[in-house]
Amino acid sequence: MNKPIGTEAQNLARGAARYPGAPSTQEIIASDRVKAPGWVCSESYEFLGDEDISTDRYTEAAYAEREFERLWTRTWQFACREEHIPEVGDYHVYDIGRHSFIVTRVAANEVRAYYNACLHRGTKLRASGTEGNTTEFKCSFHGWSWNLDGSQKELLCPWDFPHVDIATNKLPQVRVELLGGFVFINMDPDAPTLADYIGPAAMAHIREWKLEDRYIYCHVAKRLPANWKLSIAAFMEAYHVLDTHPQVSVTNADANSQYDVYGEHVNRFISPLGVLSPHHYGKYTEQDIMDQFTLGDSSALGDATRTLPEGGTARQAMADMFRGMFEKATNTDLGGVSDAELLDCFSYTLFPNIFLFPGISLPMVYRFRPDPRDHRWTLYEVLFLRPVPLDGKRPYPAEPVRLTDEQSFTEAEGMDPGFGAILDQDTDNLILQQEGIEASAKRGLTLGNYQEIRIRHFERAVDRYVGTKG
Amino acid sequence: MSGEFTRFCKVSELPPESKKAAKLNNTWVLVCHTDGRLFAVSGVCSHQVKPLVNGRVRHCMITCPVHGARFNLETGAALNLPATQPIATYELRVVDDWIEVRV
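The listed protein sequences derive, respectively, from chains F and Z.
Here my numbering is used: the first residue of the first sequence is 1, the next is one more, and so on.
Here my numbering is used: the first residue of the second sequence is 471, the next is one more, and so on.
Put into structure tokens, the structure is as follows:
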């Protein structure tokens, strides 16, 4: 069935061709026993051109500088989860490049973000990468301090600072909005609201997920050896699964995954699992698919025997099995969750740098930030979310497990080793891609019209913020 | 040099997820009851000698509320700036419903 796209595909409108002879993602999901909600059962593809993507954006330090000036200062960014700062006085430090912010809960229903620098001689009020609880933000250098609400509390030797008005010397703030348990910040006072930035269609999806009712049960951080945009793009398509992740491709509708774009800042793919890749048609049985199924959160399954009912499909059997065992293992109720939400990979990108995966077996959040010391490296984090237990006691969010550059993701405590192996394979590609782009005679990347639309959509947004040279 | 075990407080005075500071043998000691375990550490931060008793405890770490230094409750290790030096940790035992600390 792995036949090359022929002239019939070339006669279609650009971007309209799909893998010949394979069911669509929507057709696969429509066969499930527990039906999927509306946000799953929709399509929003748009052809956005087929020109090459210029590669100076990945290789030039000057481009990274422009990104810091024009992109990171104007976009909504996930700074922390609300669960990091549940109590008044809790704070969490978020850094992007040289920028640093103290995100703090100043009242039960109010979160603020302050520039993390003393207004005296500039010392950071809290070290980067930290969190805690306090009643004041006090500089460790000369003791100038500010209340949670940003008003100045104390100034040592005020007689020497008649030119400083304590009443007005408040900590400067950036904008904060809360959505789905995430705290977003934006440095641009003129930026659209978060809802306008995301757009109504994608906002409706996010609100349905109720990610505010989940908690971080595993958090892993590691540097990736490529520019942050290459790192992000590596996770935007299932086109690479066949060659990069052969252990997964048997159980993944990789070539018939669905790709959608929403407005300027959100895109997604739906990659069904528990079905044979079109690349492998005729080579594997349903039992093979059952046996080889990899889950991002497989801990609930343990060593359970994977038995395929007579005449059943691996997809339905895995959905039924995973539903029951996951509920029992985590004390949660998945009664209202469709089979697709249980099994499939729903990958959403919120520009510029986070992925949300609202599924249950693949329940991740990715965050990618440029390493401010080297534009050829990315600060990458993966957070795994689980529903809060039925007894209502919300566990503390997991502390980040920080891996060195040399460590394998399979060494990360709390993360499924099979998932870690996949991330290692992606990492290995990124080293070669960054170096290859720098070595290449060709100064552009060529993208597929459908399967790589998310990358084009993403880079188009980058272009819009960063602009042309100068 | 470690001294003798000294009574710190009754076990019932330190419910789960609570902490208490007291002076034992002229040393400020902080005992934390967290994640089902009891830890005895110095009651003052190694950074600027501020009291740790109001610090947030999570995942076997305490955060100094004044400048944000964090310490591992088990080892005393300083985990981030502005602290670079550890805090002392002390042996702890429970005898006849009393928490005892060797200082």
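No residue lacks a Cβ here, since even glycine has one placed at the ideal position from N, Cα and C.
These numbers were taken from a predicted model, which means no experiment stands behind them.
Identify the contact partners of F/T135 in chain Z, using a Cβ-Cβ distance below 9 Å as the criterion.
N524, P535
Tell me whether the stretch 176-191 of chain F and the stretch 335-343 of chain F touch, counting them as touching only if at least three CB pairs, one residue from each stretch, are closer than 8 Å.
no
Is the shortest distance between the beta-carbon of F/G470 and the beta-carbons of chain Z less than 8 Å?
With a pLDDT of only 43 at F/G470, under the threshold of 50, the placement of this residue in the model should not be trusted, and no figure is reported.
Under 9 Å by beta carbon: chain F residues contacting Z/Q518:
S140
is_contact[Z/N550, chain F] using C-beta, thresh 8 Å
yes
Say whether chain F places a C-beta atom closer than 8 Å to the C-beta of Z/G506.
no
Check whether the Cβ atoms of F/I102 and F/L125 sit closer than 8 Å, and answer yes or no.
yes
Does chain F have any CB closer than 8 Å to the CB of Z/R477?
no
Is it right to say F/D339 is buried, meaning 16 or more other beta carbons lie within 10 angstroms of its own, or is it exposed?
buried
Can we count F/H219 as close to the ligand PLP, meaning its CB is less than 7 Å from some heavy atom?
The ligand PLP is not part of the structure shown, which contains no ligands of any sort.
At least three beta-carbon pairs within less than 8 Å, the stretch 358-368 of chain F to the stretch 280-292 of chain F:
no
Below 8 Å, can you find three or more Cβ-Cβ pairs linking the stretch 447-455 of chain F to the stretch 404-415 of chain F?
no
Can you find at least 3 beta carbon pairs, one from the stretch 547-563 of chain Z and one from the stretch 154-169 of chain F, that sit closer than 8 Å?
no
For F/H205, the three-state DSSP class (helix, strand or coil)
helix
Of all Cβ atoms in chain Z, is any one closer than 8 Å to the Cβ of F/A478?
A question about residue 478 of chain F goes unanswered here, because the residues of chain F that appear run from 1 up to 470.
For a contact defined as C-beta to C-beta under 7 Å, what are the partners of F/E399 on chain C?
The structure shown has no chain C; the protein chains it does contain are F and Z.
Given F/L423, which residues of its chain have a CB within under 6 Å of its CB, disregarding the five upstream and five downstream residues?
F409
What residues in its chain sit with their C-beta under 8 Å from that of Z/L484, if we drop five residues either side in the sequence?
K490, V501, H503, L508, I569
C-alpha gap between F/M236 and Z/F541, whole angstroms
39 Å
Below 8 Å CB to CB, which residues in the same chain sit around Z/E487 once its five sequence neighbours on both sides are set aside?
H503, T504, V527
Chain F residues whose Cβ lies nearer than 8 Å to that of Z/R540
T130, G132
Please identify the residue among Z/S482, Z/V536, Z/G473, Z/P521 whose C-alpha is closest to the C-alpha of F/D90.
Z/V536
Specify, as a first and last residue, the run of the alpha helix (DSSP H) that F/D160 falls within.
Counting along the chain, F/D160 falls outside any alpha helix (DSSP H), and DSSP gives it neither H nor E.
If we count the other Cβ atoms within 10 Å of its Cβ and call it buried at 16 or more, is F/D428 buried or exposed?
exposed
Between which two residues does the alpha helix (DSSP H) harbouring F/R112 extend?
Not the alpha helix (DSSP H): F/R112 falls in the beta strand (DSSP E), residues 110-115.
Just curious, the alpha helix (DSSP H) that F/T59 is in, first and last residue?
56-59
is_contact[F/A441, chain Z] using C-beta, thresh 8 Å
no
Taking 8 Å as the cut-off, decide whether the C-beta atoms of Z/F478 and Z/V499 are in contact.
yes
C-beta neighbour in chain Z for F/Y114, strict 8 Å
no
Taking the Cβ atom as the reference point for each residue, do F/E131 and F/V93 lie within a distance shorter than 8 Å?
yes
At what residues does the alpha helix (DSSP H) containing F/Y197 begin and finish?
194-198
Residues of its chain near F/H245, where Cβ-Cβ distance is below 7 Å and the 5 sequence neighbours each way are ignored
I422, Q425
What beta strand (DSSP E) runs, 3 residues minimum, are completely inside the stretch 240-311 of chain F?
258-262, 266-271
Is it buried or exposed for F/R386, if we count other Cβ within 10 angstroms and need 16 for buried?
buried
At a Cβ threshold of 8 Å, is F/A16 touching chain Z?
no
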